[in-house]
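Residue numbers (the working numbering), protein chains in the order written: chain G, 12 to 88; chain P, 4 to 252.
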């Protein structure tokens with residue numbers, strides 16, 4: 012039972028590390044599937060898919076970067 | 004009809020991704036062998052391989068019954084989740100935001116934990132050590148099986164992808180048998196970066212194919228997507244690294 016739980020946890024870990032990122036990818040997929048299902052031109056579906064996935068990757072990485080320290084205020088010295 | 008523009012990336016992705024997973028499994032099996040000898044290590048690893056083979060034999064044929072469009076979209080979305088997770092982590096590691104994975108440290112941690120387990124349960128030590136090897140092979144092996152299905156099932160490339168994974172396993176076992184040490188010099192982050200790029204590209208490609216997108220250049224678009232994700236990943240590393248070192252200026 013413990014082994015099964017470990018395997019299931021590992022399988023979930025294959026796809027999900029940052030919950031917000033995973034939900035955003037699934038959301039993008041849902042939107043793209045919806046757009047395609049409504050009969051949008053395939054080119055639009057493709058552009059949405061490429062731009063969306065790249066945008067999500069850039070967003071998650073930039074959110075995770077450390078905040079830059081504000082420069083020291085010389086007036087407080 | 005598949006051609007080399009899809010077959011070669013599928014083999015490469017399966018090979019590189021499996022290499023990472025097999026190295027991780029090998030580290031644990033080696034730790035078991037160091038603490039309790041090769042017998043429980045090999046018995047545990049072999050039992051794990053048998054279970055994996057059974058899983059593939061039972062569930063493998065079911066894939067053929069899924070309509071190709073549904074299969075491509077499902078696999079595509081799973082690949083996006085899997086590939087972009089790896090790529091995100093590799094970018095953050097390359098930029099120095101999170102520490103690199105250390106195979107030597109993983110080996111030391113596993114060895115210490117096993118020694119502790121052996122001290123506490125001396126009578127069942129071999130059994131528990133074998134179980135650790137079994138668990139490692141099953142867990143990492145399931146990841147390899149998924150990788151093979153993910154990069155291969157969308158267009159009948161299961162066999163080439165399996166060959167890529169098998170080549171990775173053979174290479175790790177060969178090097179491991181020669182050096183008898185954890186394979187700490189494998190550039191894991193560079194591998195994860197490359198695999199993340201390829202799997203993300205495959206994810207976008209298969210999802211689009213399943214939804215009826217007519218990609219420009221057809222199968223060659225996979226290479227275009229690989230280039231786009233690679234450039235984006237490298238640009239993000241540069242941006243995040245710049246920001247990371249800014250306070251020190």
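The beta-carbon is built from N, C-alpha and C at its ideal position, and this holds for glycine as well.
Helix, strand or coil at residue i according to DSSP, with G and I counted as helix
i	result
residue 39 of chain P	helix
residue 230 of chain P	helix
residue 192 of chain P	helix
residue 236 of chain P	helix
residue 90 of chain P	helix
residue 99 of chain P	coil
residue 44 of chain P	helix
residue 178 of chain P	helix
residue 251 of chain P	Note on residue 251 of chain P: pLDDT 43, under 50, position unreliable in the model; no value is reported.
residue 244 of chain P	helix
residue 253 of chain P	This structure cannot speak to residue 253 of chain P, because chain P is shown only from 4 to 252.
residue 216 of chain P	coil
residue 20 of chain G	helix
residue 69 of chain P	coil
residue 62 of chain P	helix
Within chain P, the residues that residue i reaches when beta carbons sit closer than 7 Å
i	result
residue 25 of chain G	85, 146 and 149
residue 57 of chain G	211, 216 and 218
residue 14 of chain G	138
residue 31 of chain G	Per Cβ cutoff of 7 Å: no residues; residue 31 of chain G is ~11 Å from chain P at best.
residue 72 of chain G	91, 94, 95, 239 and 243
residue 42 of chain G	Those within 7 Å of residue 42 of chain G in chain P number zero; the least Cβ separation is about 11 Å.
residue 49 of chain G	Neighbours of residue 49 of chain G on chain P: none; closest Cβ ~12 Å, over 7 Å.
Given residue i as reference, the closest of the options once Cα atoms are compared
i	options	result
residue 50 of chain P	P:244, P:165, P:144 and P:179	P:144
residue 46 of chain P	P:130, P:60, P:204 and P:29	P:130
residue 139 of chain P	P:155, P:24 and P:14	P:24
residue 149 of chain P	P:78, P:88 and P:106	P:78
residue 198 of chain P	P:236, P:221, P:209 and P:163	P:236
residue 67 of chain P	P:179, P:155, P:224 and P:183	P:155
residue 39 of chain P	P:176, P:113 and P:93	P:113
residue 172 of chain P	P:22, P:214, P:194 and P:6	P:22
residue 152 of chain P	P:36, P:28, P:58 and P:7	P:58
residue 7 of chain P	P:206, P:225 and P:119	P:225
residue 70 of chain G	G:23, G:29 and G:45	G:29
residue 44 of chain P	P:16, P:132 and P:65	P:132
residue 203 of chain P	P:191, P:136, P:90 and P:177	P:90
Neighbour-count burial assignment, residue i, 16 or more Cβ in a 10 Å radius
i	result
residue 49 of chain G	exposed
residue 218 of chain P	buried
residue 251 of chain P	Confidence in residue 251 of chain P is poor, its pLDDT being 43 and thus under 50, which makes the residue's placement unreliable; the coordinate value appears in the next sentence. Burial call: exposed.
residue 335 of chain P	Since the first residue shown for chain P is 4 and the last is 252, residue 335 of chain P is missing from the structure and cannot be characterised.
residue 52 of chain G	exposed
residue 212 of chain P	buried
residue 209 of chain P	buried
residue 14 of chain P	buried
residue 260 of chain P	Lying outside 4 to 252, the shown extent of chain P, residue 260 of chain P is not represented and no answer is given.
residue 20 of chain P	buried
residue 53 of chain P	exposed
residue 88 of chain P	buried
residue 56 of chain G	buried
residue 238 of chain P	exposed
residue 107 of chain P	exposed
Within chain P, partners of residue i - CB distance below 9 Å
i	result
residue 61 of chain G	207, 211, 228 and 231
Residue i: contacting residues in chain G (beta-carbon distance under 9 Å)
i	result
residue 195 of chain P	Correct list: empty, because the minimum Cβ distance to chain G is about 12 Å.
residue 73 of chain P	Correct list: empty, because the minimum Cβ distance to chain G is about 11 Å.
residue 61 of chain P	Within 9 Å Cβ-Cβ: nothing; residue 61 of chain P doesn't reach chain G, min ~15 Å.
residue 53 of chain P	What residue 53 of chain P touches in chain G: nothing, since even the nearest Cβ is about 15 Å away.
Closer than 8 Å at the beta carbon, the chain G residues around residue i
i	result
residue 202 of chain P	The premise fails here: residue 202 of chain P is roughly 11 Å from chain G at the closest Cβ pair, so nothing lies under 8 Å.
residue 80 of chain P	36, 37 and 40
residue 100 of chain P	75, 76 and 77
residue 287 of chain P	In the structure as shown, chain P begins at 4 and stops at 252. Residue 287 of chain P is therefore absent and cannot be evaluated.
residue 32 of chain P	Ordered by position in chain G, no residue passes the 8 Å Cβ test against residue 32 of chain P, which lies about 16 Å from the chain.
Interface residues of chain G facing residue i [CB-CB closer than 7 Å]
i	result
residue 35 of chain P	Result: empty, since nearest Cβ-Cβ is about 15 Å, beyond 7 Å.
residue 25 of chain P	Near residue 25 of chain P there are no residues of chain G at all, since even the closest Cβ is about 15 Å away, more than 7 Å.
residue 225 of chain P	The premise fails here: residue 225 of chain P is roughly 12 Å from chain G at the closest Cβ pair, so nothing lies under 7 Å.
Q. Mind pulling the alpha helix (DSSP H) runs of 4 or more residues that sit fully within the segment 102 to 144 of chain P?
A. Positions of the alpha helix (DSSP H) runs, each at least 4 residues long and wholly inside the segment 102 to 144 of chain P, are given as 106 to 123 in order along the chain.
Q) If contact means a Cβ-Cβ distance below 7 Å, which residues of the segment 116 to 146 of chain P contact chain C? A) Chain labels in this structure do not include chain C; the protein chains are G and P.
Q. What residue ranges within the segment 26 to 85 of chain G form continuous alpha helix (DSSP H) runs of no fewer than 4 residues, ordered along the chain?
A. 30 to 48 and 53 to 75
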